[in-house]
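Peer 1: In terms of the numbering used here, the sequence shown opens at residue 5 and continues consecutively. Backbone N, C-alpha and C define an ideal beta-carbon position, used for all residues, glycine too. Take this structure, written in structure tokens, and hold onto it; I'll ask about it next.
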Amino acid sequence: MSGLKTSQAVDVQVRSRGQVPRGAATYAREKVLAALDHVGEPVLAAQVKLTQAVHCSAARPATAQAVVDVSGRPVRAHVAAGTMFEAVDLLQERLTVRLARARRYGPRGLSGTVQDVWWDGASREHRPHRQHLPAEERRIERYKAFSRTRQTPEDAVIDLEAMDYDFWVFTDLASGHDSVVYRDVRTGRHRLASLGPSGQEREAEGRLSVSTVPVPVSTVPEAVQRLNLTGLPWVFFADTATGRGSVLYHRYDGHYGLITLAR
Numbered sequence: 005m006s007g008l009k010t011s012q013a014v015d016v017q018v019r020s021r022g023q024v025p026r027g028a029a030t031y032a033r034e035k036v037l038a039a040l041d042h043v044g045e046p047v048l049a050a051q052v053k054l055t056q057a058v059h060c061s062a063a064r065p066a067t068a069q070a071v072v073d074v075s076g077r078p079v080r081a082h083v084a085a086g087t088m089f090e091a092v093d094l095l096q097e098r099l100t101v102r103l104a105r106a107r108r109y110g111p112r113g114l115s116g117t118v119q120d121v122w123w124d125g126a127s128r129e130h131r132p133h134r135q136h137l138p139a140e141e142r143r144i145e146r147y148k149a150f151s152r153t154r155q156t157p158e159d160a161v162i163d164l165e166a167m168d169y170d171f172w173v174f175t176d177l178a179s180g181h182d183s184v185v186y187r188d189v190r191t192g193r194h195r196l197a198s199l200g201p202s203g204q205e206r207e208a209e210g211r212l213s214v215s216t217v218p219v220p221v222s223t224v225p226e227a228v229q230r231l232n233l234t235g236l237p238w239v240f241f242a243d244t245a246t247g248r249g250s251v252l253y254h255r256y257d258g259h260y261g262l263i264t265l266a267r
């Protein structure tokens, strides 16, 4: 007997936050099951979160997020739209694409260029916008420490895109330096920044664009100040307290999140 779960056998857990319209949870479950219909690997879990913004003046008050565990590998999609049912439709489309690409390139071992592997710039217009809060009201609402993060930059790109994030923090398997990969929104190209000297061989191979800007060394409060002054969505820095690479970022609720690499 096969151990694979068909899409209909997957228990899609749907959570709602805010005044989510009636029937949206059932609709989301059906749409996610449809996205899973062509997944050939075991689907271990599927979770969906629907959020309706309290402020009706928001341009896209409905957000939908899905995280699917495919044979131990998470794949995530996150979208925003004017209505919840539109958001769920977009979620199905984005999740279907990311599942297909994860299946195509496998859990690890991407060869060749990563330049166009995950590029879907047209869909980025549906990414959620963060809520604006005055700087004096912002707090670090979430702390997360990564421990098992040794990997190649190419594998980090796969995780970055499979999880639909703006950045991915890791420790370079070859150099041992704490690093971050991210998508340059101007060029659509993946970039690498590292606490150690950045070799240009990756640039020459056309795999990753390497940032030559020195990573700042600062305290967390100084990183907060830097984030506010630059207006950037996130900053990568070496924490003076630990010596490890960290990322301070704007959460969608307007507050901050802090990701560190465990010792």
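Would you identify the three-state DSSP class for R142, choosing helix, strand or coil?
Peer 2: By one-based count along the sequence shown, residue 142 stands at place 138. Here R142 sits in coil by DSSP.
Peer 1: Inspect the beta-carbon positions of A50 and T67 and report whether they are closer than 8 Å.
Peer 2: Numbered from its first residue, the sequence shown carries residue 50 at position 46. Numbered from its first residue, the sequence shown carries residue 67 at position 63. Against a cut-off of 8 Å, the Cβ pair of T67 and A50 comes out as no contact.
Peer 1: Could you check where the beta strand (DSSP E) with T30 kicks off and where it finishes?
Peer 2: Residue numbering aside, residue 30 sits at position 26 when the sequence shown is read from its first letter. Looking at the DSSP string, T30 is not in any beta strand (DSSP E); the run it does join, the alpha helix (DSSP H), is A28 to A39.
Peer 1: Report yes if the C-beta distance between Q135 and Y31 is below 8 Å; otherwise report no.
Peer 2: Locating residue 135 in the sequence shown gives position 131, counting from the first residue. Locating residue 31 in the sequence shown gives position 27, counting from the first residue. Cβ atoms of Q135 and Y31: not closer than 8 Å.
Peer 1: Enumerate in chain order the residues of its own chain whose CB-to-CB distance from V18 is below 6 Å, with the five nearest sequence positions on each side excluded.
Peer 2: Taking the first residue of the sequence shown as 1, we reach residue 18 at position 14. Answer for V18: A29, A32, R33 and V52, listed in chain order.
Peer 1: Compute the Euclidean distance between the alpha carbons of V14 and V36, then round it to the nearest angstrom.
Peer 2: The residue labelled residue 14 in the question sits at position 10 within the sequence shown. The residue labelled residue 36 in the question sits at position 32 within the sequence shown. V14 and V36: Cα-Cα distance of roughly 10 Å.
Peer 1: By a C-beta neighbour count over all protein chains shown, 10 Å radius and 16 as the cutoff for buried, is V221 buried or exposed?
Peer 2: Position 217 of the sequence shown, counted from the start, is the residue given in the question as residue 221. By the 10 Å Cβ count, V221 comes out exposed.
Peer 1: So, helix, strand or coil for R64, using DSSP?
Peer 2: Taking the first residue of the sequence shown as 1, we reach residue 64 at position 60. DSSP places R64 in coil when its eight states are reduced to three.
Peer 1: Who are Y260's beta bridge partners in DSSP?
Peer 2: Position 256 of the sequence shown, counting from 1, holds the residue named residue 260. According to DSSP, which records beta bridges pairwise, Y260 is partnered with I144 and H254.
Peer 1: Pull up the DSSP beta-bridge partners for L54, would you.
Peer 2: Position 50 of the sequence shown, counted from the start, is the residue given in the question as residue 54. Paired residues: S20 and A68.
Peer 1: Per DSSP, T175 forms a beta bridge with which residues?
Peer 2: The sequence position of residue 175 within the sequence shown is 171, counting from 1. Bridge partners of T175: R154 and D182.
Peer 1: Which residues mark the beginning and the end of the alpha helix (DSSP H) in which G230 is found?
Peer 2: Stepping through the sequence shown from its first residue, residue 230 is reached at position 226. Here residue 230 turns out to be Arg, not Gly, going by the sequence shown. Its alpha helix (DSSP H) spans residues V224 to T234.
Peer 1: Measure the alpha-carbon distance for D120 versus F174 and round it to whole angstroms.
Peer 2: Here the question's residue 120 lines up with position 116 in the sequence shown. Here the question's residue 174 lines up with position 170 in the sequence shown. Any reading at D120 is ruled out, since the residue's pLDDT is 45, under 50, leaving its predicted position unreliable.
Peer 1: Return yes when the Cβ of Y260 is within less than 8 Å of the Cβ of V228, no when it is not.
Peer 2: Reading the sequence shown from its first residue, position 224 is the one you call residue 228. Reading the sequence shown from its first residue, position 256 is the one you call residue 260. In this structure, Y260 lies closer than 8 Å to V228 by Cβ.
Peer 1: If you run the structure through DSSP and keep just helix, strand and coil, what is L212?
Peer 2: On the sequence shown, position 208 is the one that residue 212 refers to. Of the three classes helix, strand and coil, the one that applies to L212 here is coil, per DSSP.
Peer 1: Roughly how many whole angstroms lie between the Cα atoms of P1 and S75?
Peer 2: This structure cannot speak to residue 1, because the chain is shown only from 5 to 267.
Peer 1: How many angstroms separate the CA atom of F89 from the CA atom of V161?
Peer 2: For the purposes of this step, residue 89 is taken as residue 85 along the sequence shown, with counting starting at 1. For the purposes of this step, residue 161 is taken as residue 157 along the sequence shown, with counting starting at 1. Distance between the alpha carbons of F89 and V161 is about 31 Å.
Peer 1: Could you work out which residue in V71, P65, L265 and P225 is closest to W172 when comparing CA atoms only?
Peer 2: For the purposes of this step, residue 172 is taken as residue 168 along the sequence shown, with counting starting at 1. Cα-wise, what sits closest to W172 is L265.
Peer 1: Hey, how far is the Cα of V79 from the Cα of A245?
Peer 2: Position 75 of the sequence shown, counting from 1, holds the residue named residue 79. Position 241 of the sequence shown, counting from 1, holds the residue named residue 245. Approximately 33 Å, taken between the alpha carbons.
Peer 1: For V74, name the three-state secondary structure that DSSP assigns.
Peer 2: Numbered from 1 along the sequence shown, position 70 holds the residue referred to as residue 74. In this structure, V74 counts as strand in the three-state DSSP scheme.
Peer 1: Taking the beta strand (DSSP E) that V239 belongs to, which residues open and close that run?
Peer 2: In the sequence shown, counting from the first residue as 1, residue 239 sits at position 235. Its beta strand (DSSP E) spans residues W238 to D243.
Peer 1: Can you give the Cα-Cα distance for T100 and L137, rounded to whole angstroms?
Peer 2: Start at 1 with the first residue of the sequence shown, and residue 100 comes out as number 96. Start at 1 with the first residue of the sequence shown, and residue 137 comes out as number 133. In a straight line, the C-alpha of T100 is about 33 Å away from that of L137.
Peer 1: Can the beta-carbon of L196 be found closer than 8 Å to that of V189?
Peer 2: As a position in the sequence shown, residue 196 is number 192, starting the count at 1. As a position in the sequence shown, residue 189 is number 185, starting the count at 1. Contact: no.
Peer 1: With 16 as the cutoff for other CB atoms within 10 Å, does P132 come out buried or exposed?
Peer 2: The sequence position of residue 132 within the sequence shown is 128, counting from 1. So P132 ends up on the buried side.
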